[in-house]
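So the sequence shown is numbered by my numbering: it starts at 63 and just counts up by one. Idealized CB from N, CA, C, for every residue including glycine. Structure record follows, encoded as structure tokens.
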Amino acid sequence: MTSRLGPMLKAIRERAGIAQLELSLRMNVSQRHISFVESGRSRPSRDLIGAWLGETDAPPSLRNAVLLAAGYAPASHDVSPCDPRLAVAIAALDRTLDLHEPYPGLVFDADWQAHLTNRSARRLMRLNLPDFVAALDDLSLGFSMIDALIHPGGMFRYMRDPWIGGGALLDQLRREQWVRPAIEPRADRVEASMIERFGPRPPQPTKPSADPCLNLVFDTPQGVMRFFTIQSVFALPQDVTLASLRMELWFPADEPTRAAMRALANSEAAPGEPLVTVKP
Numbered sequence: 063m064t065s066r067l068g069p070m071l072k073a074i075r076e077r078a079g080i081a082q083l084e085l086s087l088r089m090n091v092s093q094r095h096i097s098f099v100e101s102g103r104s105r106p107s108r109d110l111i112g113a114w115l116g117e118t119d120a121p122p123s124l125r126n127a128v129l130l131a132a133g134y135a136p137a138s139h140d141v142s143p144c145d146p147r148l149a150v151a152i153a154a155l156d157r158t159l160d161l162h163e164p165y166p167g168l169v170f171d172a173d174w175q176a177h178l179t180n181r182s183a184r185r186l187m188r189l190n191l192p193d194f195v196a197a198l199d200d201l202s203l204g205f206s207m208i209d210a211l212i213h214p215g216g217m218f219r220y221m222r223d224p225w226i227g228g229g230a231l232l233d234q235l236r237r238e239q240w241v242r243p244a245i246e247p248r249a250d251r252v253e254a255s256m257i258e259r260f261g262p263r264p265p266q267p268t269k270p271s272a273d274p275c276l277n278l279v280f281d282t283p284q285g286v287m288r289f290f291t292i293q294s295v296f297a298l299p300q301d302v303t304l305a306s307l308r309m310e311l312w313f314p315a316d317e318p319t320r321a322a323m324r325a326l327a328n329s330e331a332a333p334g335e336p337l338v339t340v341k342p
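What follows is the structure in structure tokens.
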């Protein structure tokens, strides 16, 4: 057990105004065990930590900080963009995607389901992925990012060097599946689709790339488009989990892509379309 875990749990208990004896009775463990945990002489299980934090009404930031200090994965809670408690965050995401125009932006969840998209993202999809978009009931109501990749008319169709951009996405899915098993069959579908289309994956470099952003290059009817992407979340670092909603912003990586996106925005004939739509 780390040296700071015991003092953290003790401070949380004292902040809640609960004595060791009272906490031991609530948790149905001995007061001696509580004392041993706080002094670092006993390593608490994840269940005991969960009970401890629950009885002391610890906020999510403290819960995840304690779990990380104990060597456990942080708590993961699925969140829906329709949750009324997220109204302020959703409004901020709306505004951020709005301000990101004329470049693509979207918000997706732990299962890689896109819930929010701005007008530029939908514009690019309608222009370059018409068959995929046609199969949806309504693009503005959300879509599976995995399906958008592997559909016969999806992103892989236009991706240059797919084992670079697509391989990076696959690697991210594989990392996430360790703590969210529901991701594994989706990652399997991506890998199978890539192997079928592009053959076996080439050998990976011995040293990881120093580039901090995912680079995507597409050969589109509008010409070659190059983007780098950034993902971010609303939370303190210790509160971020795979279940957190993520915002992904695409930025043009060169001047031709920047000019092409601006030209597409200026030529769009749907001025009344809302910039961002939240799935009801």
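Task: Which of helix, strand or coil DSSP assigns to His-177 - done: It is a strand residue.
Task: Buried versus exposed call for Pro-283 [16 or more other C-beta atoms within 10 Å across all chains shown] - done: Exposed: under 16 other Cβ atoms inside 10 Å.
Task: Contiguous alpha helix (DSSP H) assignments of at least 4 residues, all confined to the region 66-145 - done: Whole alpha helix (DSSP H) segments, 4+ residues: 67-77, 82-89, 93-101, 108-117, 122-131.
Task: Proximity of Leu-311 and Asp-171 at Cβ, strictly below 8 Å - done: Contact flag unset, no.
- [ ] Work out the CA separation of Asp-200 and Arg-181 for me, nearest whole Å.
- [x] Roughly 14 Å between the two C-alpha positions.
- [ ] With distances taken Cα to Cα, identify the nearest neighbour of Lys-72 among Ile-212, Asn-90, Ala-120, Asp-109.
- [x] Lys-72 has its Cα closest to that of Ala-120, out of Ile-212, Asn-90, Ala-120, Asp-109.
Task: Where the beta strand (DSSP E) containing Phe-290 begins and where it ends - done: Note, Phe-290: beta strand (DSSP E), 285-294.
Open item on the list: Distance check for Asp-233 and Leu-203, CA to CA, integer angstroms please.
Closed with: When rounded, the distance between both Cα atoms is 27 Å.
Task: Segment limits, alpha helix (DSSP H) that includes Trp-240 - done: In the DSSP assignment, Trp-240 falls outside any alpha helix (DSSP H), carrying neither H nor E.
Open item on the list: Do Val-252 and Ile-208 count as a contact pair if the criterion is CB distance below 8 Å?
Closed with: In this structure, Val-252 lies closer than 8 Å to Ile-208 by Cβ.
TODO: Measuring alpha carbon to alpha carbon, tell me which of Asp-281, Arg-94, His-177, Ala-81 ends up nearest Arg-343.
DONE: Since the first residue shown for the chain is 63 and the last is 342, residue 343 is missing from the structure and cannot be characterised.
Open item on the list: Between which residues of its own chain and Val-195 is the CB-CB distance below 7 Å, once the five residues before and five after are set aside?
Closed with: Setting aside the 5 residues that flank it on each side, Val-195 is surrounded in the same chain by Met-187, Arg-188, Leu-201, each with a C-beta closer than 7 Å to its C-beta; the list follows chain order.
Task: Nearest-angstrom beta carbon gap, Arg-259 and Trp-174 [assumed within contact, 8 Å] - done: Not really, about 19 Å apart at Cβ, beyond 8 Å.
Open item on the list: I'd like to check one pair, Gly-102 with Gly-68: are the Cβ atoms closer than 8 Å?
Closed with: Their beta carbons are under 8 Å apart, which means Gly-68 touches Gly-102 by this criterion.
- [ ] Can you tell me which of Leu-211, Ser-255, Met-287, Ile-152 puts its alpha carbon nearest to the alpha carbon of Ala-322?
- [x] Comparing Cα-Cα distances from Ala-322 to each of Leu-211, Ser-255, Met-287, Ile-152, the minimum goes to Met-287.
TODO: Compute the Euclidean distance between the alpha carbons of Asp-250 and Ala-176, then round it to the nearest angstrom.
DONE: Looking at the backbone, the Cα of Asp-250 and that of Ala-176 are separated by about 19 Å.
Task: Where Pro-318 sits in the DSSP three-state scheme - done: Here Pro-318 sits in helix by DSSP.
Task: DSSP three-state assignment for Leu-307, whether helix, strand or coil - done: Three-state result, Leu-307: coil.
- [ ] Flag this pair as yes or no: are the beta carbons of Leu-115 and Val-99 separated by less than 8 Å?
- [x] In this structure, Val-99 does not lie closer than 8 Å to Leu-115 by Cβ.
- [ ] My understanding is that Ala-131 touches Met-89, with C-beta atoms under 8 Å, so please give their C-beta distance in whole angstroms.
- [x] Not quite, the Cβ-Cβ distance comes to about 19 Å (not below 8 Å), so this is no contact.
Open item on the list: Quick check on Leu-168: does DSSP put it in helix, strand or coil?
Closed with: Note: Leu-168 maps to strand in three-state DSSP.
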